[in-house]
Amino acid sequence: MRRWLTSRLYDAFLVAAFLAAAPRIFYKVVFHGKYINSWKIRFGVEKPQVKGEGPLVWFHGASVGEVSLLEPLLKKWRQEFPDWRFVVTACSEAGVYTAQRLYAPLGATVFVLPLDLSCIINPVVRSLSPQVVIFSEGDCWLHFLMGAKKLGAKAFLINGKLSENSCKRFAFLKRLGRSYFAPLDLLVLQDKVYKQRFMQIGIPEDKIQISGNLKTFIETETSINNRSLWRKKLKLSPSDRLIVLGSMHPKDVEVWADVAQHFNKFSTKILWVPRHLEKLKEHARLLEKAGISFGLWSKEDSLLQYDSLIVDAMGILKDLYSAADLAFVGGTFDPLVGGHNLLEPLQKEVPLMFGPHIHSQSVLAELLRTKEVGVSVDKENLLEAVENLLEDEKKRQAYIERGKSFLKNAGTSFEHTWEILKSQIACIKI
20 MRRWLTSRLY DAFLVAAFLA AAPRIFYKVV FHGKYINSWK IRFGVEKPQV KGEGPLVWFH
80 GASVGEVSLL EPLLKKWRQE FPDWRFVVTA CSEAGVYTAQ RLYAPLGATV FVLPLDLSCI
140 INPVVRSLSP QVVIFSEGDC WLHFLMGAKK LGAKAFLING KLSENSCKRF AFLKRLGRSY
200 FAPLDLLVLQ DKVYKQRFMQ IGIPEDKIQI SGNLKTFIET ETSINNRSLW RKKLKLSPSD
260 RLIVLGSMHP KDVEVWADVA QHFNKFSTKI LWVPRHLEKL KEHARLLEKA GISFGLWSKE
320 DSLLQYDSLI VDAMGILKDL YSAADLAFVG GTFDPLVGGH NLLEPLQKEV PLMFGPHIHS
380 QSVLAELLRT KEVGVSVDKE NLLEAVENLL EDEKKRQAYI ERGKSFLKNA GTSFEHTWEI
440 LKSQIACIKI
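Numbering (my numbering), first residue to last: 20 to 449.
This is how it looks when you write it as structure tokens:
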């Protein structure tokens, strides 16, 4: 009875949330063409199909970052358990695009996650009947999880984390927190801080293991630095200094636009990479307002013509980082966002900068500050911090070396995560 009531209340909450967001969704559909290709699966009109026979593992991540970190895990699973079929889902269209690019060539079925209303997601889960469900970082959906468990699936959270704000909300609704995460068989978390937070909302300690942050893992073939290749592609001279501003939101653009023109004395070029392409016009307007002349990647404009380019393309941010002399991770000047993946620039051996709002990865950010691996900036010291790094190659190299050392010391996370999962897979009856 309690589970039925929880499910109905959860359905009601989702419907209310959808109605509240409907005007914004309608705007994105009409003016940006979003959701047009995915609405049939989102609303259960079209059911995804998985070809072949054999046990099925279903991986899920919210968006690009969560989906991307699954790559070494999926490759390892495919190598050691070739008879399994793979499904990868994401909530955002950018996440689905990334999953298709990374995993469709490996034979995975990729689609957007249907809405978690019981009448929509439950038939999909019953149809696919997964033996294992793996959630990336924390994007668990109650009906999806409960439906899979009802069919006897094992469910795991990997690279798990819980922000301080989410912990407070779940602690206030402790019963909901237990209902939300209790069906998971195992939570493999990034560190002890997240372990304490999950325990505060009622998850027993024997369901928790710590493996480290999977985003520190770099495979041999993907760790090759393509710096020369991409600098040539971007038509950069040896004397040019390139700043890559990744995953940018409008508030990040506002801050950087105020200081960008001060870097000309260093022969500086800037790539502005929006987090969301539907915000492209707003990014362009902010640069125009600041008097910054810029080109567009999609028009094949080059850094020979402009000192700034807006990169209106998906899936190339990591490659662009490899060409940089300095990288900034966006969302960190916007308190409503709280940052994105801080480790990608380090993996490309580039000095890292981030703003003051990093609550989505507060534990990692503090660690990076403490070990002097990343440079934390605010509006007041941004110009000075950038100029100091641009004019001092030795200082930039020191940050690169500390970043390499940090990743090397943290790089056992994947092996640990895989061994934990492998021991669980061995117990599954197919």
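Idealized CB from N, CA, C, for every residue including glycine.
Query: So, using beta-carbon positions, are arginine 104 and leucine 75 closer together than 8 Å?; Result: yes
Query: Report yes if the C-beta distance between leucine 328 and leucine 290 is below 8 Å; otherwise report no.; Result: yes
Query: Name the two residues that bound the continuous beta strand (DSSP E) containing threonine 108.; Result: 104-109
Query: Run the CB neighbour count on proline 354, radius 10 Å, all protein chains shown included, and call it buried at 16 or more, exposed below.; Result: exposed
Query: State the beta-bridge partners of phenylalanine 347 as determined by DSSP.; Result: Leu264 and Met372
Query: Just to confirm my understanding: we take leucine 176, look at its own chain, exclude 5 residues before and 5 after, and list those with CB closer than 6 Å. What are they?; Result: Phe154, Leu203 and Leu206
Query: Tell me whether glutamate 156 is buried or exposed, calling it buried when 16 or more other Cβ atoms sit within 10 Å of its Cβ.; Result: buried
Query: Report the rounded CA-to-CA distance for glutamate 391 versus glutamine 324, giving the unit in angstroms.; Result: 36 Å
Query: Please report the Cβ distance between proline 149 and tryptophan 77, rounded to the nearest whole angstrom; I am assuming they are in contact, meaning their Cβ atoms lie under 8 Å.; Result: 4 Å
Query: So, using beta-carbon positions, are serine 395 and phenylalanine 373 closer together than 8 Å?; Result: yes
Query: In this structure, how does DSSP classify asparagine 428 when only helix, strand and coil are distinguished?; Result: helix
Query: Run the CB neighbour count on tryptophan 437, radius 10 Å, all protein chains shown included, and call it buried at 16 or more, exposed below.; Result: buried
Query: So, helix, strand or coil for serine 258, using DSSP?; Result: coil
Query: Give the straight-line distance between the Cα atoms of proline 375 and alanine 41, rounded to the nearest whole angstrom.; Result: 32 Å
Query: So is the beta-carbon of glycine 179 under 7 Å away from any non-hydrogen atom of the ligand MN?; Result: No copy of the ligand MN appears in this structure; indeed no ligand is present at all.
Query: Compare the Cα-Cα distances from valine 278 to each of Pro133, Ala118, Pro293 and Leu402 and report the closest residue.; Result: Leu402
Query: Based on DSSP bridge pairs, tell me the residues matched to glycine 80.; Result: Ala109
Query: To the nearest angstrom, how far is the alpha carbon of threonine 128 from that of methionine 267?; Result: 30 Å
Query: Between which two residues does the alpha helix (DSSP H) holding threonine 389 run?; Result: 381-389
Query: Going straight from the alpha carbon of glycine 179 to that of glutamine 119, what length do you get?; Result: 23 Å
Query: Can you tell me whether glutamate 99 is buried or exposed? The criterion is at least 16 other CB atoms within 10 Å of its CB, across all chains shown.; Result: exposed
Query: Starting from the Cα of serine 111, find the closest Cα among Ala172, Arg294 and Arg388 and give me that residue.; Result: Arg294
Query: So valine 207 is in the beta strand (DSSP E); what residue range does that whole segment cover?; Result: 205-208
Query: What does a CB cutoff of less than 8 Å around valine 64 pick up in its chain, not counting 5 residues either side in sequence?; Result: Trp58
Query: Thinking C-alpha only, which one of Arg388, Glu412, Gly80 and Pro133 is nearest arginine 260?; Result: Glu412
Query: Quick one: using the 10 Å Cβ neighbour count with 16 as the cut-off for buried, is glutamate 459 buried or exposed?; Result: What the structure shows of the chain is the stretch from 20 to 449, and residue 459 is not part of that stretch, so it cannot be assessed.
Query: Tell me the rounded alpha-carbon separation between valine 474 and serine 87.; Result: Here the chain covers residues 20 to 449 and nothing more, so residue 474 does not appear.
Query: Hey, out of Arg61, Leu121 and Leu170, whose CA is closest to valine 152's CA?; Result: Leu170
Query: Can you give me the Cβ contacts of threonine 241 inside the same chain, cut-off strictly under 6 Å, excluding the 5 residues immediately before and after it?; Result: Only weak support is given to the placement of threonine 241: the predicted model assigns it a pLDDT of 45, under 50, and the value that follows is read from those uncertain coordinates. Counting only Cβ-Cβ distances below 6 Å, and skipping sequence neighbours, we find nothing.
Query: List the endpoints of the continuous alpha helix (DSSP H) containing isoleucine 139.; Result: 137-147
Query: Keeping to the same chain, check which residues put their C-beta closer than 8 Å to that of isoleucine 439; ignore five residues upstream and five downstream.; Result: Leu205, Val207, Gln228 and Ser230
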